[in-house]
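Data block below; observations after.
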Amino acid sequence: MKKSALLLAALLVSAASFAQAVQTKSSSTTTTATPTGTKQTSTRTHEVSTPSGQSKTMTMSKTATTKPAVRRTTSSSKMTHTKKTTSSNM
Numbered sequence: 036m037k038k039s040a041l042l043l044a045a046l047l048v049s050a051a052s053f054a055q056a057v058q059t060k061s062s063s064t065t066t067t068a069t070p071t072g073t074k075q076t077s078t079r080t081h082e083v084s085t086p087s088g089q090s091k092t093m094t095m096s097k098t099a100t101t102k103p104a105v106r107r108t109t110s111s112s113k114m115t116h117t118k119k120t121t122s123s124n125m
């Protein structure tokens, strides 16, 4: 019974820390013209940080290249997700 009460208390503390989480969102687009075509890169980042030191970051990047001679666009996408947690032994 005591273990389940301790586990419940730990979950409530964890939920409370995420309730006070700070979210940061940003996005950017870069267009570069070259003699062989145009390259456009779009990046979006979403980060969530808690007062206890935990953080999650998701970054999504998309690149599109247009070649004027072919008039065809190729694109590629990349997504990364990182999670950092800190724990202390009681």
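So this note's numbering is basically just the index in the sequence shown, starting at one, shifted up by 35. Cβ atoms here follow ideal geometry from the backbone N, Cα and C, with glycine treated the same way.
- If you draw a straight line from the Cα of Thr67 to the Cα of Lys118, it is about 32 Å long.
- Secondary structure note for Ala99: its beta strand (DSSP E) is the uninterrupted segment 90-102.
- Spatial neighbours of Lys60 in its own chain (CB-CB distance under 6 Å, excluding positions within 5 residues in sequence) are listed in chain order as His81.
- Inter-residue distance for Ala56 and Met93 is about 15 Å (C-alpha atoms, whole angstroms).
- The C-alpha of Arg79 is placed about 14 Å away from the C-alpha of Ser111.
- Distance between His116 and Lys91, taken at the CA atoms: about 7 Å.
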